[in-house]
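S.K.: Got a structure for you, written out below as structure tokens; questions coming shortly.
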Amino acid sequence: MIPDHTQPRLADGVRLEIDGTTGKGVLLFPEGIIELNETAQEIVTRCDGRPLSEIVLGLAREYDADLEMLAADVRETLADLQRRKLVKLA
Amino acid sequence: MNAPRPYALLAEITYRCPLHCPYCSNPTRMRNNGELTTGEWGRVIREAAGLGVLQIGFSGGEPLARRDLAELIHGAREARLYTNLVTSGVGLNANRARELRDAGLDSVQLSFQSDHVDLADEIAGANAHQRKLDAAANIRAAGIPLSLNFVIHRRNIDRLPQIIELTETLGAVRVELANVQFYGWAFLNRAALLPTREQVARAREVANAAKTRLTGKIDIFYVLPDYYETRPKPCLNGWGQRYLTVNPLGDVLPCPTASSAIPNLRFENVRERPLDWIWRESESFNRFRGTEWMPEPCRSCPQKEIDFGGCRCQAALLTGNAANTDPVCTLSPNRAQVDAVLRDLDQSSGHTREWTPRVNPRKAAIRPNA
Chain A
28 MIPDHTQPRL ADGVRLEIDG TTGKGVLLFP EGIIELNETA QEIVTRCDGR
78 PLSEIVLGLA REYDADLEML AADVRETLAD LQRRKLVKLA
Chain B
10 MNAPRPYALL AEITYRCPLH CPYCSNPTRM RNNGELTTGE WGRVIREAAG
60 LGVLQIGFSG GEPLARRDLA ELIHGAREAR LYTNLVTSGV GLNANRAREL
110 RDAGLDSVQL SFQSDHVDLA DEIAGANAHQ RKLDAAANIR AAGIPLSLNF
160 VIHRRNIDRL PQIIELTETL GAVRVELANV QFYGWAFLNR AALLPTREQV
210 ARAREVANAA KTRLTGKIDI FYVLPDYYET RPKPCLNGWG QRYLTVNPLG
260 DVLPCPTASS AIPNLRFENV RERPLDWIWR ESESFNRFRG TEWMPEPCRS
310 CPQKEIDFGG CRCQAALLTG NAANTDPVCT LSPNRAQVDA VLRDLDQSSG
360 HTREWTPRVN PRKAAIRPNA
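Chains A and B, in that order, give the protein sequences. If you want our numbering, it's the position in the first sequence, counting the first as 1, plus 27. If you want our numbering, it's the position in the second sequence, counting the first as 1, plus 9.
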């Protein structure tokens, strides 16, 4: 399990942009584009070096969501993005 | 017809290049005048972003040959595009690498001809290999993510293990091991470049083993030589669906090789028409868009939304008609064309054939009263 103090960041060469055509968040990287769903976009926006625990708390406040379920969602999303080498966990 | 939105623009900003690779993507015959200016490229980039494009690849020729490259990259970043430089690396010293990084360059794809200097320089027709190694170091020192690209063919395919080793040594995050596809110069040099079936089978094993071994470290993309396939590649993910190319003279192409391979299709120019109109309305972008244009066996084929009938340029080059099914497909009535090429190769394998290096176009002669 990804620990609470992990500080996720976008991997080198990966950029978050808002797609002007759809209004949705996209990750751009060499030869690739991934469209993010709303949850993933909210998470990735916060991948700026703050710890995982803070990301979860911030989202919980904003969305008035169950903390444990939210934490599980965030971990799953980050693990998926790490597998694709779009996010690094340190 | 309703046009989808494009995602990526390939900006071929010049045909000039210090290398002479026998598979060069430059046209084999070309007009040699009137590269788009800095201002014209700026407008093309803004128009592309307005159409929905999210990524731009600066290519050529050798894009470093243009002194305004940093300015063009800066313009692309202002339009919020992801910027990639596709380069031979010749001319990419430490200062230039930093200049491009400061302009906002997101990543570099550096090409190599082989892992070994003698063979690499023979293929490039220039003393380039050492300068590429230096360029790789300069790119990394500037903090720009590095991808490598090797065009694979009969003369270097057996060196795939060493080529992958070089990729590891240089600290690349991604490598394309792309078997040469036969258009333009590569089509002229096909007899010298096409690997044998045995070579292809061995290389596939090497690439697959390396993929497994380097998972999480380097992304390896092994592109098969499609003559050995039984179904065509999904070229461009469909004509006029996601990609567009603007060449150094401003012609807008659905595919970088289309202007050479399909001479009877008229391509529009950004000096005469807005990019938006060309993408949505022009004959060249609509001719093979969707599935309505397809003949049999594609028309009734369950694969038609998967491979889109393959490659229009390959159909044009091998069958004389761009609207035919890609003859790589074993369902194509023209597959015999591809088989004949492979049979010729089987009967002559072991021989190294001469190739024709790319030559620079001649300067236009000055003709009074012409």
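We put the beta carbon where it would ideally sit given N, CA and C, even for glycine.
DSSP on aspartate 228 of chain B, reduced to helix/strand/coil?
M.R.: Correct three-state label for aspartate 228 of chain B: strand.
S.K.: Give the list of continuous beta strand (DSSP E) stretches no shorter than 3 residues that lie fully inside the stretch 319-354 of chain B.
M.R.: Correct list: empty.
S.K.: So if I threshold CB-CB distances at 9 Å, which residues from the stretch 89-104 of chain B count as touching chain A?
M.R.: Listed in sequence order: Arg89, Leu90, Tyr91 and Asn93.
S.K.: If we count the other Cβ atoms within 10 Å of its Cβ and call it buried at 16 or more, is alanine 373 of chain B buried or exposed?
M.R.: The pLDDT assigned to alanine 373 of chain B is 46, lower than 50, so where the model puts this residue is not dependable, and the model offers no usable value.
S.K.: Can you give me the C-alpha to C-alpha distance between asparagine 158 of chain B and leucine 94 of chain A, rounded to a whole angstrom?
M.R.: If you take the alpha carbons of asparagine 158 of chain B and leucine 94 of chain A, they lie about 45 Å apart.
S.K.: Rank B:Pro170, B:Gln323, B:Glu290 and B:Ala79 by C-alpha distance to the C-alpha of proline 234 of chain B and give the top, closest one.
M.R.: When each option's Cα is compared against that of proline 234 of chain B, the closest is B:Gln323.
S.K.: Measuring CA to CA, which of B:Thr334, B:Ala325, B:Gly329 and B:Leu326 is closest to phenylalanine 317 of chain B?
M.R.: The option with the nearest alpha carbon to phenylalanine 317 of chain B is B:Thr334.
S.K.: Any Cβ of chain A within less than 8 Å of the Cβ of glycine 61 of chain B?
M.R.: Closer than 8 Å to some Cβ of chain A, the Cβ of glycine 61 of chain B qualifies, so yes.
S.K.: If I'm right that valine 337 of chain B touches valine 347 of chain B with Cβ under 8 Å, what's the distance once you round it to whole angstroms?
M.R.: Contact holds; Cβ gap of about 6 Å.
S.K.: For chain B, check one thing: does any of its Cβ atoms lie closer than 8 Å to the Cβ of leucine 43 of chain A?
M.R.: No - not a single Cβ of chain B is within 8 Å of the one on leucine 43 of chain A.
S.K.: Note down, in chain order, each residue of its chain lying with its Cβ closer than 6 Å to the Cβ of glycine 66 of chain B, except the 5 sequence neighbours on either side.
M.R.: Excluding sequence neighbours, glycine 66 of chain B sits near Leu19, Asn93 and Val95.
S.K.: To the nearest angstrom, how far is it from the Cα of leucine 101 of chain B to the Cα of serine 120 of chain B?
M.R.: For leucine 101 of chain B and serine 120 of chain B, the distance between alpha carbons rounds to 12 Å.
S.K.: Pick from B:Phe294, B:Gly319 and B:His138: whose alpha carbon is nearest that of serine 97 of chain B?
M.R.: That would be B:His138, whose Cα lies nearest to the Cα of serine 97 of chain B.
S.K.: What is the rounded straight-line gap between the Cα of leucine 186 of chain B and the Cα of arginine 163 of chain B?
M.R.: Distance between the alpha carbons of leucine 186 of chain B and arginine 163 of chain B: 13 Å.
S.K.: Is aspartate 228 of chain B near arginine 183 of chain B, with beta carbons less than 8 Å apart?
M.R.: Yes, the pair counts as a contact, with Cβ atoms nearer than the cut-off.
S.K.: Since tyrosine 53 of chain B sits in a beta bridge, which residues does DSSP pair it with?
M.R.: Note that residue 53 of chain B is valine in the sequence shown, not tyrosine. Per DSSP, none; premise fails for valine 53 of chain B.
S.K.: Tyrosine 16 of chain B versus chain A: which residues are under 8 Å apart at the beta carbon?
M.R.: Ile60, listed in chain order.
S.K.: Is it the case that the stretch 35-45 of chain A contacts the stretch 65-74 of chain A, given that we only count it when at least three CB pairs across the two stretches are under 8 Å?
M.R.: Result yes; three or more Cβ-Cβ pairs closer than 8 Å.
S.K.: Could you check where the beta strand (DSSP E) with leucine 55 of chain A kicks off and where it finishes?
M.R.: Segment 52-56, the beta strand (DSSP E) holding leucine 55 of chain A.
S.K.: Run through the DSSP bridge pairs and tell me what alanine 187 of chain B is partnered with.
M.R.: DSSP lists B:Val160 and B:Val232 as partners of alanine 187 of chain B.
S.K.: Please check if any C-beta of chain B sits within less than 8 Å of the C-beta of leucine 108 of chain A.
M.R.: No - not a single Cβ of chain B is within 8 Å of the one on leucine 108 of chain A.
S.K.: Taking the alpha-carbon positions, what's the threonine 266 of chain B to aspartate 260 of chain B distance?
M.R.: Taking the straight line joining both Cα atoms gives about 12 Å.
S.K.: Taking only beta-carbon positions, decide if proline 57 of chain A is within less than 8 Å of chain B.
M.R.: By this cut-off, proline 57 of chain A is an interface position.
S.K.: If we cut at 8 Å on Cβ distances, does aspartate 39 of chain A have a partner in chain B?
M.R.: It does; some Cβ of chain B falls within 8 Å.
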